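Trainee: Residue numbers (my numbering), protein chains in the order written: chain Z, 28 to 624; chain S, 372 to 443.
Okay, handing you the structure first.
Take a look at the structure:
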């Protein structure tokens, strides 16, 4: 019977410079869906959770989902699963573009990279042919150049690569693909760097993946496309303004963290908003493979069309650093792409450094000619270059992220992170549900592990009062579980503004031949979430790691509509654990048995 | 009173408009005066806080209107 799983794994042993193809256990694949879920299962089974993340014993799993490459809206995504060097917990970073679909077209569901190459290398895949090649001439080069060289060398390939950030083991390092797409968070690029893997090229003569039931797929895809097109967010707001449309709304409700979360309103919001981008620098929308939404922004920079900043980046380099210079933010975003570092954590690290400078921990002489003053467009661009390229003593320290930077000065509380991963652009003192979601995220401070902003701000699927804690733990769990499945499927999370769990179940069933219903989809997500948590437990995570920065728990918002607010995490967390079937932050034996773990 | 508009609601209206206040005016009346259908407004704020468009407004209130928005 046809299925959208290829049933093949490409295992690359870098130490031995060998590759082999293995069969994928399809029953296991269906239990964990694919992508994030299946990759986490393989990591759990094959890697000692106590391993040093930057040692040869860690593995990198690059996994597609069963809908990657399939003719469904946004069916293009891949995930990088490994043990994070940032926080020693499980990492799963997710990216669009076309590279993931090319891996699927080439005949593989996922790759496992193990060991360590003795010198810089890259992997070239063309359908069922694969080889490990020398990358000495590419090492040290920035991502755009590397992509250009490799595309010239290997016709028709899509390129995944790391920049200088990953080579130098920056804990901000991303895995980049297709010029500007990024599996950005948790330092996954550093793990590839530690293995001396510069790039993976992928080409295929195929352009589609055969589903189990083509007629059923066509029917559900037609329904899904209609729902997306008619949806106010996915069909109108995101195409017209991109994710940046959120800048003004979060600022208007007073939940837009400013100057490293010392304030929650930014007077430069309008100047750095989606509306201003659309009126000034926007050239056109950018689209990932098979995407009908087109949320990406293409902007003019130095006369060239470049990837523009997304909402999170407009915030991390904008409000968080007090910068209202849109050109500087887009430039810093570009430097992140070129050097291969995460735009959220890079901006947040500069914001933390600016607070350390404000408070006198970082001195003028440490700044080597680029003072870390709030609002400086020059500072955000130049310090990004220094972090990305490992330049200057302070730049090298900042390349290890805000937590280690602040810890170095004896004040880790100024790192606005959870599990050492910098928090994104929503103030959890004003918006309660996102706080419990940040704190319980298995990879650390993250919004896309359960985007409760949808109900709390946008009113999707229903309006929740953002200041209330009532049932927020339940919403958080449902969003976390459903997100785990969407990630694992290979589709983009943004489709969830328009699609509900039953539509994802129908697409998975038509593509793979499974028979999920809504409960089955959510249970698969719950299984994946619990498995990730189990990995973290074995890796040494402590219950107190489910936390928020002290500032969010003890320093009320100083002004604006949410003045006086604090996160009520301590009240939500026990309810969350109870509803999850966890004790002291970890799954009970009964929960594990129920989920077949 | 001040009404702030965002995203597509700015088209042909601008970023902010003044609406004459009178006793009993509410959000629905404000929308009507601007030619905005209530169904086009996904987020309705009074002074930065979620509110019911049925509720009467004060002269000093700032109303913010957003169409459906989302991202991440």
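Every residue gets a Cβ at the ideal spot worked out from N, C-alpha and C, and that includes glycine.
Because the structure is a prediction, the values reported are computed rather than measured.
Kindly list, in the order they appear in chain Z, the residues whose Cβ is closer than 8 Å to that of residue 407 (chain S).
Mentor: Along the second chain, one-based indexing puts residue 407 (chain S) at 36. Here the premise fails: no neighbours, minimum Cβ distance about 14 Å.
Trainee: Which residues of chain Z have a Cβ atom closer than 8 Å to the Cβ of residue 413 (chain S), listed in chain order?
Mentor: As a working mapping, residue 413 (chain S) is identified with position 42 in the second chain. Here the neighbours are 259, 485 and 486.
Trainee: Which chain Z residues sit within Cβ distance under 8 Å of residue 431 (chain S)?
Mentor: Stepping through the second chain from its first residue, residue 431 (chain S) is reached at position 60. Within chain Z, no residue comes near residue 431 (chain S); the closest Cβ sits about 14 Å away, beyond 8 Å.
Trainee: Mind listing which residues of the region 211-226 of chain Z have their C-beta closer than 8 Å to chain S's C-betas, in chain order?
Mentor: If the cut-off is 8 Å between Cβ atoms, the region 211-226 of chain Z has nothing near chain S.
Trainee: Would you list, in chain order, the members of the region 490-519 of chain Z that have their beta-carbon closer than 9 Å to a beta-carbon of chain S?
Mentor: Under the 9 Å Cβ criterion, the region 490-519 of chain Z contributes 490, 492, 493 and 494.
Trainee: Which residue or residues does DSSP assign as beta-bridge partners of residue 19 (chain Z)?
Mentor: Only positions 28 to 624 of chain Z appear in this structure, which leaves residue 19 (chain Z) out of reach.
Trainee: Output needed for residue 217 (chain Z): all residues of its chain with C-beta closer than 7 Å, excluding positions within five of it in sequence on either side, in chain order.
Mentor: Taking the first residue of the first chain as 1, we reach residue 217 (chain Z) at position 190. Counting only Cβ-Cβ distances below 7 Å, and skipping sequence neighbours, we find 81, 112, 193, 196, 197, 198 and 200.
Trainee: Is residue 333 (chain Z) helix, strand or coil when you go by DSSP?
Mentor: As a working mapping, residue 333 (chain Z) is identified with position 306 in the first chain. Reduced to three states, the DSSP call for residue 333 (chain Z) is strand.
Trainee: Considering Cα atoms alone, identify which of Z:482, Z:450 and Z:599 is closest to residue 213 (chain Z).
Mentor: Here residue 213 (chain Z) refers to the residue found at position 186 when the first chain is read from its first residue. If we check each option's Cα against that of residue 213 (chain Z), Z:450 comes out closest.
Trainee: For residue 293 (chain Z), tell me which candidate among Z:268, Z:306, Z:402 and Z:202 has the shortest Cα-Cα distance.
Mentor: The residue labelled residue 293 (chain Z) in the question sits at position 266 within the first chain. Checking every option, the nearest Cα to that of residue 293 (chain Z) belongs to Z:402.
Trainee: Give me the chain S residues within the contact set of residue 481 (chain Z), using Cβ-Cβ distance strictly less than 7 Å, ordered along the chain.
Mentor: Position 454 of the first chain holds residue 481 (chain Z). Ordered by position in chain S, the residues that pass the 7 Å Cβ test against residue 481 (chain Z) are 441.
Trainee: State yes or no: is the C-beta of residue 613 (chain Z) within less than 8 Å of the C-beta of residue 71 (chain Z)?
Mentor: Within the first chain, the letter at position 586 stands for residue 613 (chain Z). Within the first chain, the letter at position 44 stands for residue 71 (chain Z). Taking 8 Å as the Cβ cut-off, residue 613 (chain Z) and residue 71 (chain Z) do not qualify as a contacting pair.
Trainee: Kindly indicate which residue of S:443, S:442, S:436 and S:397 has the alpha-carbon position closest to the one of residue 359 (chain S).
Mentor: The requested residue 359 (chain S) is not part of the displayed model; chain S covers only 372 to 443.
Trainee: In whole angstroms, what is the alpha-carbon distance linking residue 167 (chain Z) and residue 138 (chain Z)?
Mentor: Here the question's residue 167 (chain Z) lines up with position 140 in the first chain. Here the question's residue 138 (chain Z) lines up with position 111 in the first chain. Going by the C-alpha atoms only, they are around 24 Å apart.
Trainee: Any C-beta of chain Z sitting closer than 8 Å to the C-beta of residue 378 (chain S)?
Mentor: Here residue 378 (chain S) refers to the residue found at position 7 when the second chain is read from its first residue. Residue 378 (chain S) counts as touching chain Z.
Trainee: Identify the residues that DSSP records as bridge partners of residue 82 (chain Z): which are they?
Mentor: Residue numbering aside, residue 82 (chain Z) sits at position 55 when the first chain is read from its first letter. Answer is none; residue 82 (chain Z) lacks a bridge partner.
Trainee: Looking at the structure shown, is residue 105 (chain Z) part of a helix, part of a strand, or coil, going by DSSP?
Mentor: Your numbering for residue 105 (chain Z) matches position 78 in the first chain. Looking at residue 105 (chain Z) - three-state DSSP - the assignment turns out to be strand.
Trainee: Give the single residue among Z:598, Z:92, Z:134 and Z:421 whose Cα lies nearest to the Cα of residue 153 (chain Z).
Mentor: Taking the first chain and counting its residues from 1, one reaches residue 153 (chain Z) at position 126. Of the candidates Z:598, Z:92, Z:134 and Z:421, the one whose C-alpha sits nearest the C-alpha of residue 153 (chain Z) is Z:134.
Trainee: State the Cα-Cα distance for the pair residue 396 (chain S) and residue 428 (chain S), rounded to the nearest angstrom.
Mentor: As a first step, residue 396 (chain S) must be located in the second chain, where it is residue number 25. As a first step, residue 428 (chain S) must be located in the second chain, where it is residue number 57. Rounded to whole angstroms, residue 396 (chain S) to residue 428 (chain S) spans 6 Å at the Cα level.
Trainee: Just mark residue 110 (chain Z) as buried or exposed, buried being the case when its beta carbon has 16 or more other beta carbons within 10 Å.
Mentor: Against the first chain, residue 110 (chain Z) aligns to sequence position 83. Flag for residue 110 (chain Z) reads buried.
Trainee: Spatial neighbours of residue 591 (chain Z) within its chain, please: CB distance less than 7 Å, with the 5 preceding and 5 following residues excluded, ordered by chain position.
Mentor: Sequence index remark: in the first chain, residue 591 (chain Z) carries index 564 (1-based). Around residue 591 (chain Z): 583 and 584.
Trainee: Chain Z partners of residue 438 (chain S), CB-CB under 8 Å?
Mentor: Mapped onto the second chain, residue 438 (chain S) falls at position 67. The contacting residues are 259, 263 and 264.
Trainee: Identify, in the order they occur along the chain, each residue of the same chain with its Cβ nearer than 8 Å to the Cβ of residue 425 (chain Z), setting aside the five sequence neighbours on each side.
Mentor: Within the first chain, residue 425 (chain Z) is the residue found at index 398, counting from 1. Same-chain partners within the cutoff: 376, 377, 380, 410, 413, 414 and 432.
Trainee: Closest Cβ-Cβ distance between residue 583 (chain Z) and chain S: below 8 Å?
Mentor: If you number the first chain from 1, residue 583 (chain Z) lands on position 556. No, because no Cβ of chain S sits closer than 8 Å to the Cβ of residue 583 (chain Z).
Trainee: Along the chain, where does the beta strand (DSSP E) containing residue 153 (chain Z) start, and where does it finish?
Mentor: By one-based count along the first chain, residue 153 (chain Z) stands at place 126. Unbroken beta strand (DSSP E) run through residue 153 (chain Z): 148-153.
Trainee: At the 8 Å Cβ level, is residue 245 (chain Z) part of the contact set with chain S, yes or no?
Mentor: On the first chain, residue 245 (chain Z) is found 218 positions in, with the first residue counted as 1. With 8 Å as the cut-off, residue 245 (chain Z) does not count as an interface residue toward chain S.
Trainee: Under 8 Å, Cβ to Cβ, is there at least one residue of chain S near residue 474 (chain Z)?
Mentor: For the purposes of this step, residue 474 (chain Z) is identified with residue 447 of the first chain, where counting begins at 1. Closer than 8 Å to some Cβ of chain S, the Cβ of residue 474 (chain Z) qualifies, so yes.
Trainee: I need the straight-line Cα distance from residue 33 (chain Z) to residue 239 (chain Z), nearest angstrom please.
Mentor: Position 6 of the first chain, counted from the start, is the residue given in the question as residue 33 (chain Z). Position 212 of the first chain, counted from the start, is the residue given in the question as residue 239 (chain Z). Going by the C-alpha atoms only, they are around 12 Å apart.
Trainee: Can you tell me the Cα-Cα spacing of residue 100 (chain Z) and residue 323 (chain Z), whole angstroms?
Mentor: As a working note, residue 100 (chain Z) is residue 73 in the first chain. As a working note, residue 323 (chain Z) is residue 296 in the first chain. Cα-Cα distance, rounded: 15 Å.
Trainee: Just to confirm, are residue 104 (chain Z) and residue 122 (chain Z) a CB contact at a threshold of 8 Å?
Mentor: Here residue 104 (chain Z) refers to the residue found at position 77 when the first chain is read from its first residue. Here residue 122 (chain Z) refers to the residue found at position 95 when the first chain is read from its first residue. Yes. Within cutoff.
Trainee: Using DSSP bridges, identify the partner residues of residue 610 (chain Z).
Mentor: As a first step, residue 610 (chain Z) must be located in the first chain, where it is residue number 583. BP columns for residue 610 (chain Z) point to Z:613.
Trainee: For residue 406 (chain S), count the other beta carbons within 10 Å of its own beta carbon; 16 or more makes it buried, fewer makes it exposed. Which is it?
Mentor: Residue 406 (chain S) sits at position 35 when you count from the first residue of the second chain. Counting Cβ neighbours within 10 Å, residue 406 (chain S) comes out exposed, since fewer than 16 surround it.
Trainee: Do residue 342 (chain Z) and residue 481 (chain Z) have their C-beta atoms closer together than 8 Å?
Mentor: Here residue 342 (chain Z) refers to the residue found at position 315 of the first chain. Here residue 481 (chain Z) refers to the residue found at position 454 of the first chain. For residue 342 (chain Z) and residue 481 (chain Z), no; Cβs fall outside 8 Å.
Trainee: Kindly indicate if chain S contains any beta-carbon less than 8 Å away from that of residue 344 (chain Z).
Mentor: In the first chain, the residue the question calls residue 344 (chain Z) occupies position 317. It does not; no Cβ of chain S falls within 8 Å.
Trainee: Using 8 Å for Cβ pairs, my map puts residue 62 (chain Z) next to residue 91 (chain Z). What's the rounded Cβ distance?
Mentor: Mapped onto the first chain, residue 62 (chain Z) falls at position 35. Mapped onto the first chain, residue 91 (chain Z) falls at position 64. So it is a contact: roughly 6 Å between Cβ atoms.
Trainee: Look up residue 48 (chain Z) in the DSSP assignment and give the residues it is bridged to.
Mentor: Counted from its first residue, the first chain places residue 48 (chain Z) at position 21. Paired residues: Z:37.
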